[in-house]
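The sequence shown: position 57 = 94 (our numbering), numbered continuously.
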Amino acid sequence: IFLRYFAGWATKINGQTMQPSIPSMQGEKYTAFTLRQPIGVVAGIVPWNFSLMIGVWKIGSALTTGCTIVLKPSEFASLSLLRLAELAIEAGIPAGVINVVTGKG
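Dropping the structure here:
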């Protein structure tokens with residue numbers, strides 16, 4: 038359900054073109070626009086409780102916006118996210134898009 042929600046946002050996050058309400062002193066009209074671009078790598082720290090669900094939330098939002106993600110799960114519950122990353126590669130997501138870093142801390 039969560040991934041379908043984020044997939045729906047992929048078609049709704051876009052830039053806008055606007056006409057500013059105030060013209061210049063010479064009467065010229067301007068066009069303003071916004072451009073949405075990926076910001077790069079997203080870091081996701083995932084707690085031990087509900088680690089798979091929270092990891093999916095973080096992965097979905099990062100991929101929807103065009104970013105890669107590095108997840109750091111709790112050392113007490115890291116196997117589920119490691120397996121999720123393996124399944125993502127098997128499903129066709131390129132290596133390096135979803136990364137999982139394990140360890141203490």
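Glycine included, C-beta positions come from ideal geometry on N, C-alpha and C.
Just reading off the alpha helix (DSSP H) that residue i is part of, what are its end residues?
i	result
T102	No alpha helix (DSSP H) holds T102; DSSP gives it neither H nor E.
I126	L116 to E127
R41	F39 to W46
Among the options, which residue has its Cα nearest to the Cα of residue i?
i	options	result
S111	V83, M90, P57 and L100	V83
I130	S117, A114, I59 and I96	I96
I135	S98, A114, G142 and K141	S98
Counting along the chain, where does the beta strand (DSSP E) carrying residue i start and finish?
i	result
G81	V78 to V83
N136	I135 to V137
Tell me whether the beta-carbon of residue i lies closer than 8 Å to the beta-carbon of residue j.
i	j	result
P57	A69	yes
V137	L118	yes
L100	L121	no
ask   = For the 8 Å Cβ check, are there 3 or more pairs between the segment 100-111 and the segment 69-86?
value = Yes, since at least three Cβ pairs between the segment 100-111 and the segment 69-86 fall closer than 8 Å, the two stretches touch.
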